[in-house]
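Enquirer:
Residue numbers (UniProt numbering): 1 to 537.
1) Between the C-alpha atoms of residue 186 and residue 527, what's the straight-line distance to the nearest angstrom?
2) Which of helix, strand or coil does DSSP assign to residue 526?
3) From residue 42 to residue 112, what does the alpha carbon distance come to, in whole angstroms?
4) Would you decide whether residue 197 is buried or exposed? Buried here means 16 or more other CB atoms lie within 10 Å of its CB.
5) Leaving out five residues before and five after residue 412 in sequence, what residues of the same chain have Cβ atoms less than 6 angstroms from its Cβ?
6) Using a Cβ distance threshold of 8 angstroms, determine whether the stretch 239-246 contacts the stretch 159-171, with at least three qualifying pairs required.
7) Count the CB pairs spanning the stretch 229-241 and the stretch 171-179 that are closer than 8 angstroms, and state whether there are at least three.
8) So, is residue 496 buried or exposed, given that buried needs 16 or more other C-beta atoms within 10 angstroms?
9) Flag this pair as touching only if the stretch 140-150 and the stretch 62-75 have three or more C-beta atom pairs under 8 angstroms; answer yes or no.
10) Can you tell me whether residue 517 is buried or exposed, with buried defined as 16 or more other CB within 10 angstroms of its CB?
11) Inspect the beta-carbon positions of residue 401 and residue 462 and report whether they are closer than 8 angstroms.
12) Looking at the strands, I want to know which residues DSSP matches up with residue 75.
13) Runs of 4 residues minimum, wholly inside the stretch 215-250: which ones carry the alpha helix (DSSP H) assignment?
14) If you draw a straight line from the C-alpha of residue 493 to the C-alpha of residue 220, how long is it?
15) With a CB to CB cut of under 8 angstroms and the five nearest residues on each side skipped, what residues in its chain are close to residue 192?
16) Since residue 402 is in the beta strand (DSSP E), which residue starts that stretch and which ends it?
17) For residue 431, is the classification buried or exposed, using 16 other Cβ atoms within 10 angstroms of its Cβ as the cut-off for buried?
18) Only counting the same chain, and skipping five residues up and downstream in sequence, which positions put a Cβ closer than 6 angstroms to that of residue 24?
19) Would you grab the beta carbon distance between residue 468 and residue 486 for me? Rounded to a whole angstrom, and I think it's under 8 angstroms.
20) Give me, in chain order, the residues of the same chain whose beta-carbon lies closer than 8 angstroms to that of residue 340; leave out the 5 immediate sequence neighbours on both sides.
21) Taking Cβ to Cβ, would you say residue 348 is nearer than 8 angstroms to residue 175?
22) Ordered along the chain, which non-local residues of its own chain (more than five positions away) have a Cβ less than 6 angstroms from that of residue 345?
23) Straight-line CA distance for residue 382 to residue 154?
24) Buried or exposed: residue 29, going by 16 or more other Cβ atoms within 10 Å of its Cβ?
25) Suppose contacts are defined by Cβ-Cβ distances below 8 angstroms. Is residue 356 in contact with residue 173 by that definition?
26) Would you report the Cα separation of residue 15 and residue 280, rounded to the nearest angstrom?
27) Could you pull the start and end residues of the alpha helix (DSSP H) that residue 203 belongs to?
28) In the DSSP assignment, the alpha helix (DSSP H) including residue 159 goes from what residue to what residue?
29) Classify residue 256 as buried or exposed, calling it buried when 16 or more other Cβ atoms lie within 10 Å of its own Cβ.
30) Would residue 480 and residue 403 be called neighbours here (beta carbons separated by less than 8 angstroms)?
31) Indicate the three-state DSSP secondary structure (helix, strand or coil) for residue 147 in the structure shown.
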């Protein structure tokens with residue numbers, strides 16, 4: 001189908017359904033942009049959502065759309081001018097899913113760039129670029145990861161720079177939205193949410209739509225395919241499985257169902273992730289030839305804290321109350337997901353096994369000098385039995401080249417993972433790369449006031465930095481390189497981006513080797529202090 005036929009057919013669809021076109025005063029239906037995700041060698045998911053009034057407060061008209069399905073045409077081309085259309089079709093933007101569109105395109109060639117777009121009601125969407133996963137033995141796979149983009153705390157300049165990185169895929173590790181209203185530590189709200197905290201489907205739809213109106217975030221989505229997973233603020237802070245602090249289980253189940261559906265509606269996810277009430281499958285495996293396997297984990301839906309309210313306590317108070325973090329009842333992944341992960345890792349023939357997950361896995365004793373032991377219970381430090389079981393499982397099965405990607409912490413960290421963090425002679429079984437936030441906690445600074453004590457108490461942690469940004473990784477057969485890309489500020493737009501530090505991991509040797517380090521100009525030397533319970537999450 002050529003461009004003229006595409007335009008003509010799509011315009012006819014709009015007229016038949018009575019949808020006004022641009023000739024009149026109606027708003028543009030593609031204001032939330034386009035996205036792609038979950039690449040396979042032969043295809044990818046294409047996403048958009050029709051929302052001529054993205055922030056329409058009427059729950060009966062989400063996005064300003066009436067309650068009926070709308071037909072949408074789509075195209076995939078081998079060139080950005082769409083003169084070589086390779087796939088096309090028609091789908092429905094379903095009213096029950098807020099007129100979102102999820103097209104699972106197949107029949108594409110592996111490791112190739114494609115361009116895509118949508119059309120309805122005589123309107124054509126912005127074009128996006130995507131890239132299928134490679135097969136065989138690619139020379140390299142280049143990917144970025146990011147997380148924690150609190151709209152209130154700053155501008156998404158990091159996403160604007162990320163859009164220019166030319167990566168094969170972007171991994172988002174959670175806290176895509178924030179349900180709560182908070183100011184950054186030592187600062188003020190830069191961009192208010194403007195709506196109440198979401199507690200149901202209508203509220204979460206509005207919150208997602210607000211975030212998607214940001215042009216820098218839309219640019220990052222349109223530049224490369226994304227692989228996404230969630231964390232707590234995508235639902236409610238510090239929730240654990242079916243429980244949330246201070247909430248009735250049935251009420252939280254209803255809230256979780258609304259949050260999960262809104263999440264699916266706004267993400268380029270496959271049909272396997274369609275939520276069923278308060279349950280939704282987000283853990284999955286994506287293969288990039290024989291070079292990289294990505295294991296996307298869910299550390300929220302199946303965790304058991306018992307009781308969950310302890311994870312809201314400041315670390316020092318939790319320690320003083322004698323909370324038993326080593327209780328075997330405290331589960332992070334759940335038995336089924338843990339077995340799926342370990343069995344799959346053992347069978348994988350990929351050179352690099354990448355675990356994309358949410359909260360810091362390496363042990364972090366956060367006590368001041370001489371202060372004993374203080375751990376954050378919402379991270380893997382609150383589930384040490386589960387962590388030891390996972391890391392010893394990796395060691396016992398001799399699974400090599402495991403690298404963990406982590407969000408949530410609002411700070412950059414690089415650490416070596418050990419079967420026993422308290423034993424200097426214990427073997428390393430992998431490394432962890434923790435990426436800072438896009439905006440959460442505001443501008444930050446080059447280091448936190450407690451960084452020297454943190455590094456001294458945790459010798460397996462090799463790097464810590466408190467600026468905002470993202471991480472770009474390049475995997476080859478011999479090495480995995482990580483470039484920590486940071487911005488000097490996010491409280492106002494226009495910041496430049498710099499590589500703060502670079503690490504390399506050599507295949508077969510799970511150690512971090514620092515290659516380069518550079519302090520970016522214009523950044524604070526030290527972050528403003530903040531209370532312990534506002535550090536991350």
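In this text, a Cβ means the ideal position worked out from N, Cα and C, and glycines have one as well.
Expert: With the given structure in hand:
1) 9 angstroms
2) strand
3) 10 angstroms
4) exposed
5) 436, 465, 484
6) no
7) yes
8) exposed
9) no
10) exposed
11) no
12) 88, 117
13) 215-223
14) 16 angstroms
15) 152, 181
16) 402-406
17) buried
18) Reliability fails at residue 24, whose pLDDT of 38 lies under 50, so the model's placement of it is uncertain and no value is given.
19) 7 angstroms
20) 283
21) no
22) 353, 399
23) 30 angstroms
24) buried
25) yes
26) Low per-residue confidence applies at residue 15: pLDDT is 31, beneath 50, and the placement is therefore not dependable, though the value from the model is reported in the following sentence. Roughly 36 angstroms between the two C-alpha positions.
27) 201-212
28) 157-162
29) buried
30) yes
31) coil
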